[in-house]
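Visitor:
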Amino acid sequence: MGAILTNVDIDHLDNFQTFDAIRESFKEFISKVNGPHVLCVDDPYCAEIAQQLGSITYSASLDDSKTESPVNADFVASEITFNNGAAQFKVSQNTATQTVPLGVVNIQLRGIHNVRNALGALVMAINLGASFTQAATALAKFGGVARRFDNHGTHRGITYVDDYAHLPNEISAVLAGARDKSDSWSRVVAVFQPNRFNRMSVISHLYANSFSDADLVVVTDIYASGTAAIAGVTGELVVNAIRSAHPNLKVIYQPKRSDLIEFLDGELKSGDLCISMGCGDIAMLPSELISRKLTSQ
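So that you can map any letter, position 225 of the sequence shown is 225 in the UniProt record's numbering, and since no number is skipped, the others follow by simple counting.
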């Protein structure tokens, strides 16, 4: 059995209680893997585990995308470019004595996070016996999964996308990849539905910088996901965190779904990208907005 570890983030606090416990759990899991364990050292916690357990490592950094070997990782993605909602990058392998170019990878996905995901899959495939060409060919055919930058179409010039992103770093990654040099969105409108009262009571402040690549942010109330309400814990905690960190960014709080639909129906205009994010019923937002537009024709 092999395992790929892309990052370690704060989540599922109902089970782990603390971030330290989450880190230890991942370390314990990787230590029990009897096949290749492939870790992304762009994440500091993965890098720490990789060093402790002698893992196979990989890295993809935009900051060093023009260098042959930007970091001390076994496999490196470099010369990363994004265009037409896709990505291209070169892969090299660092051995004890040299850096070996392996080839070029093309994926039908946007964002540095998907470059890292693809590189991790490629590294695992190679370590399980596939050739670089076999792995790269398979990646080029992969079109993604549901609820990951899931394009619901363009209606009246407005493009509707939905994504499962609900943690701070996930949202940052999705929004950072929402524009490439071929995109012509006039605005990126991010609609976020916070999830779980217990989660938001602990990490709402961590969303402060997650929306810096959006032009307009709309936050709903919390989707419970089976958790009990906590006094004073609402989506407004996220709104306040964003406003404090980015006072010039327009942030709107729309706790009620009916008010949210009404607001977006009037606010969205041709040229906008409306991207809904969260792991609750926000997934239905694109369909609701498009249906409203159709019935008003």
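Even glycine gets a Cβ: it sits at the ideal position worked out from N, Cα and C.
Taking DSSP as the reference, what is the three-state secondary structure of SER291?
Guide: Counting from one through the sequence shown, the residue named residue 291 turns up at place 291. In the structure shown, SER291 sits in a helix (DSSP, three-state: H, G or I).
Visitor: Alpha carbons only, please: which of ILE158, THR57 and ARG116 is nearest the one belonging to ILE30?
Guide: Taking the first residue of the sequence shown as position 1, residue 30 is located at position 30. Among ILE158, THR57 and ARG116, the Cα nearest to that of ILE30 is on THR57.
Visitor: Can you find a CB in chain C that lies within less than 8 Å of the CB of ALA73?
Guide: Looking for chain C here will not work: only one protein chain is present.
Visitor: For the segment 122-134 against the segment 155-165, are there 3 or more C-beta pairs whose distance is under 8 Å?
Guide: No, because fewer than three Cβ pairs between the segment 122-134 and the segment 155-165 fall closer than 8 Å, the two stretches do not touch.
Visitor: Quick check on TYR164: does DSSP put it in helix, strand or coil?
Guide: By one-based count along the sequence shown, residue 164 stands at place 164. Three-state DSSP puts TYR164 in coil, outside helix and strand.
Visitor: Taking all protein chains shown into account, decide if GLN52 is buried (16 or more other Cβ within 10 angstroms of its Cβ) or exposed.
Guide: Looking up residue 52 in the sequence shown gives position 52. Per the 10 Å Cβ criterion, exposed.
Visitor: Kindly indicate the opening and closing residues of the beta strand (DSSP E) around TYR207.
Guide: As a position in the sequence shown, residue 207 is number 207, starting the count at 1. Here TYR207 belongs to no beta strand (DSSP E), and DSSP marks it neither H nor E.
Visitor: To which residues of the same chain is GLY280 closer than 6 Å at the C-beta, ignoring the five residues directly before and after it?
Guide: Translated into the one-based positions of the sequence shown, residue 280 becomes position 280. So the qualifying residues of the chain are GLN193, ASN195 and TYR223.
Visitor: Buried or exposed, going by whether 16 or more other CB atoms sit within 10 Å of the CB of ARG226?
Guide: Translated into positions along the sequence shown, residue 226 becomes position 226. Residue identity differs from the one stated: residue 226 is Gly in this sequence, not Arg. Exposed, by the Cβ-count rule.
Visitor: Does the count of Cβ pairs from the segment 200-218 and the segment 236-250 closer than 8 Å reach three?
Guide: Judged by Cβ distances under 8 Å, the segment 200-218 makes contact with the segment 236-250, as three or more pairs qualify.
Visitor: So what does THR159 bridge to, in DSSP terms?
Guide: Counted from its first residue, the sequence shown places residue 159 at position 159. Bridge partners of THR159: THR154 and LEU273.
Visitor: In this structure, how does DSSP classify ALA50 when only helix, strand and coil are distinguished?
Guide: Mapped onto the sequence shown, residue 50 falls at position 50. It is helical.
Visitor: Give me the Cα-Cα distance between GLY177 and ALA121, rounded to the nearest whole angstrom.
Guide: Position 177 of the sequence shown, counted from the start, is the residue given in the question as residue 177. Position 121 of the sequence shown, counted from the start, is the residue given in the question as residue 121. Taking the straight line from one Cα to the other gives about 20 Å.
Visitor: For SER296, which three-state DSSP category applies?
Guide: Taking the sequence shown and counting its residues from 1, the one referred to as residue 296 is at position 296. Here SER296 sits in coil by DSSP.
Visitor: Going by Cα to Cα distance, which pick from ALA190, ASP272 and PHE263 is closest to ASP183?
Guide: Looking up residue 183 in the sequence shown gives position 183. ASP183 has its Cα closest to that of ASP272, out of ALA190, ASP272 and PHE263.
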